[in-house]
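Asks: Below are the structure tokens for one structure; questions will follow.
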Amino acid sequence: EAQVTQNPRYLITVTGKKLTVTCSQNMNHEYMSWYRQDPGLGLRQIYYSMNVEVTDKGDVPEGYKVSRKEKRNFPLILESPSPNQTSLYFCASSPITGTAYYGYTFGSGTRLTVV
Amino acid sequence: ILNVEQSPQSLHVQEGDSTNFTCSFPSSNFYALHWYRWETAKSPEALFVMTLNGDEKKKGRISATLNTKEGYSYLYIKGSQPEDSATYLCAFRWGDKIIFGKGTRLHILP
Chain A
10 EAQVTQNPRY LITVTGKKLT VTCSQNMNHE YMSWYRQDPG LGLRQIYYSM NVEVTDKGDV
70 PEGYKVSRKE KRNFPLILES PSPNQTSLYF CASSPITGTA YYGYTFGSGT RLTVV
Chain P
38 ILNVEQSPQS LHVQEGDSTN FTCSFPSSNF YALHWYRWET AKSPEALFVM TLNGDEKKKG
98 RISATLNTKE GYSYLYIKGS QPEDSATYLC AFRWGDKIIF GKGTRLHILP
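Here is the structure:
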């Protein structure tokens, strides 16, 4: 089944304790991205990647890191989480053909609470 | 930061009625506009990707139109059913970024 797999689904952590949220897709998509969803603010793009070893900042990258060492994986790293990073996070991927972008396939989301 | 505006924020519609809502985006440097459907406790699912001015897309009772010159897209739902209750998101491609509006929350009343 074509899918984007995110783990974990739920995570409660303490301020300052490094964590990684994993994202993997099995559709050979070039484009992958992370979003956070906060009430009243909608989905905001954190980072995106056009392909292996190519990553760039979205609109809210502060406090996050990403890497794209393999095409299928795009982990989100919080080196020193803070309470304002408490949010619902989505990973998403899509194919790119030339200059055409197609609709995203989303992961099932990770609800992160930082206390 | 680029703004993608959706209106209304929330909408209550009687079952069987038709409805529509709007996504507004910058009309310059247009690449593509996406529509997504997001049910509670699930992940957003792609409905349409629209790239050309005047595009019309249809999927069952849901259709969308695109006007890139004036910077808006309409999503239409004909004969609303309870299963149409969801948040409808539009997303605008700005260079290599994909920027979402805040969505229109649709409630279907029995």
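Chains A and P supply the protein sequences, listed in that same order. If you count by the working numbering, then the first sequence holds residues 10 to 124, one letter each, in order. If you count by the working numbering, then the second sequence holds residues 38 to 147, one letter each, in order. Glycine included, C-beta positions come from ideal geometry on N, C-alpha and C.
Which term fits P:Q46, buried or exposed, when burial requires 16 or more other beta carbons within 10 angstroms of its beta carbon?
Replies: Residue 46 of chain P sits at position 9 when you count from the first residue of the second sequence. With fewer than 16 neighbouring CB atoms inside 10 Å of its own CB, P:Q46 falls in the exposed class.
Asks: Measuring only between beta-carbons, confirm whether A:G51 sits less than 8 angstroms from chain P.
Replies: Position 42 of the first sequence, counting from 1, holds the residue named residue 51 of chain A. With 8 angstroms as the cut-off, A:G51 counts as an interface residue toward chain P.
Asks: For A:R53, report the span of its beta strand (DSSP E) as first-last.
Replies: Locating residue 53 of chain A in the first sequence gives position 44, where the first residue counts as 1. Here the beta strand (DSSP E) through A:R53 covers 51 to 60.
Asks: How is P:N57 classed by DSSP in three states: helix, strand or coil?
Replies: Translated into positions along the second sequence, residue 57 of chain P becomes position 20. DSSP places P:N57 in strand when its eight states are reduced to three.
Asks: Excluding the 5 residues flanking P:S100 on each side, which residues of the same chain have their C-beta closer than 7 angstroms to its C-beta?
Replies: Reading the second sequence from its first residue, position 63 is the one you call residue 100 of chain P. Counting only Cβ-Cβ distances below 7 angstroms, and skipping sequence neighbours, we find E93, K94, Y113.
Asks: Per DSSP, P:V50 is paired with what?
Replies: Here residue 50 of chain P refers to the residue found at position 13 when the second sequence is read from its first residue. In the DSSP output, where bridge partners are listed per residue, P:V50 has P:I145.
Asks: By the three-class DSSP mapping on this structure, what secondary structure does A:Q94 have?
Replies: The residue you call residue 94 of chain A lines up with position 85 of the first sequence. Collapsing the DSSP output to three states places A:Q94 in a helix.
Asks: Quick test of the definition: if touching needs 3 or more C-beta pairs under 8 angstroms, does the region 137 to 145 of chain P touch the region 118 to 125 of chain P?
Replies: yes
Asks: Could you spell out the range, first to last residue, of the beta strand (DSSP E) harbouring A:K66?
Replies: Start at 1 with the first residue of the first sequence, and residue 66 of chain A comes out as number 57. Start and end: 63 to 66.
Asks: Just to make sure I have the definition right: I need the residues of chain P whose C-beta is within less than 7 angstroms of the C-beta of A:Y57. Which are they?
Replies: Numbered from 1 along the first sequence, position 48 holds the residue referred to as residue 57 of chain A. In chain order: D133, K134.
Asks: From the beta carbon of P:A101, is the nearest beta carbon of chain A less than 8 angstroms away?
Replies: Indexing the second sequence from 1 puts residue 101 of chain P at position 64. False, the Cβ-Cβ gap to chain A never drops below 8 angstroms.
Asks: Look at the alpha carbon of A:R77 and the alpha carbon of P:S61, and state the distance between them as a whole number of angstroms.
Replies: As a first step, residue 77 of chain A is located in the first sequence; it is residue number 68 there, counting from the start. As a first step, residue 61 of chain P is located in the second sequence; it is residue number 24 there, counting from the start. Going from the Cα of A:R77 to the Cα of P:S61 covers about 33 angstroms.
Asks: I need the straight-line Cα distance from A:R53 to A:E39, nearest angstrom please.
Replies: Against the first sequence, residue 53 of chain A aligns to sequence position 44. Against the first sequence, residue 39 of chain A aligns to sequence position 30. Each residue's Cα considered, the two are about 20 angstroms apart.
Asks: Taking the DSSP output, what are the residues bridged to A:V13?
Replies: What you label residue 13 of chain A is simply residue 4 of the first sequence in a count that begins at 1. A:Q34.
Asks: So is P:R74 in contact with chain A if we call contact Cβ pairs under 8 angstroms?
Replies: Here the question's residue 74 of chain P lines up with position 37 in the second sequence. Judged by the 8 angstroms Cβ criterion, P:R74 is not in contact with chain A.
Asks: Look up P:L112 in the DSSP assignment and give the residues it is bridged to.
Replies: Taking the second sequence and counting its residues from 1, one reaches residue 112 of chain P at position 75. According to DSSP, which records beta bridges pairwise, P:L112 is partnered with P:F58, P:A101.
Asks: Counting pairs of Cβ atoms below 8 angstroms between the region 29 to 36 of chain A and the region 93 to 106 of chain A, do you hit three or more?
Replies: Counting Cβ pairs under 8 angstroms, three or more are found: they touch.
Asks: Please state if the CB of A:R120 and the CB of A:L2 are separated by a distance shorter than 8 angstroms.
Replies: Lying outside 10 to 124, the shown extent of chain A, residue 2 of chain A is not represented and no answer is given.
Asks: For A:L28, tell me which candidate among A:E88, A:G51, A:Q46, A:G116 has the shortest Cα-Cα distance.
Replies: Here residue 28 of chain A corresponds to residue number 19 of the first sequence, with the count starting at 1. The option with the nearest alpha carbon to A:L28 is A:E88.
Asks: Just by C-beta distance, which residues in the region 79 to 98 of chain P are closer than 9 angstroms to chain A?
Replies: K79, S80, P81, E82, A83, L84, F85, V86, T88
Asks: Between P:F129 and P:K79, what straight-line distance do the alpha-carbon atoms span, to the nearest angstrom?
Replies: Reading the second sequence from its first residue, position 92 is the one you call residue 129 of chain P. Reading the second sequence from its first residue, position 42 is the one you call residue 79 of chain P. Cα atoms of P:F129 and P:K79: separation of roughly 22 angstroms, rounded to the nearest angstrom.
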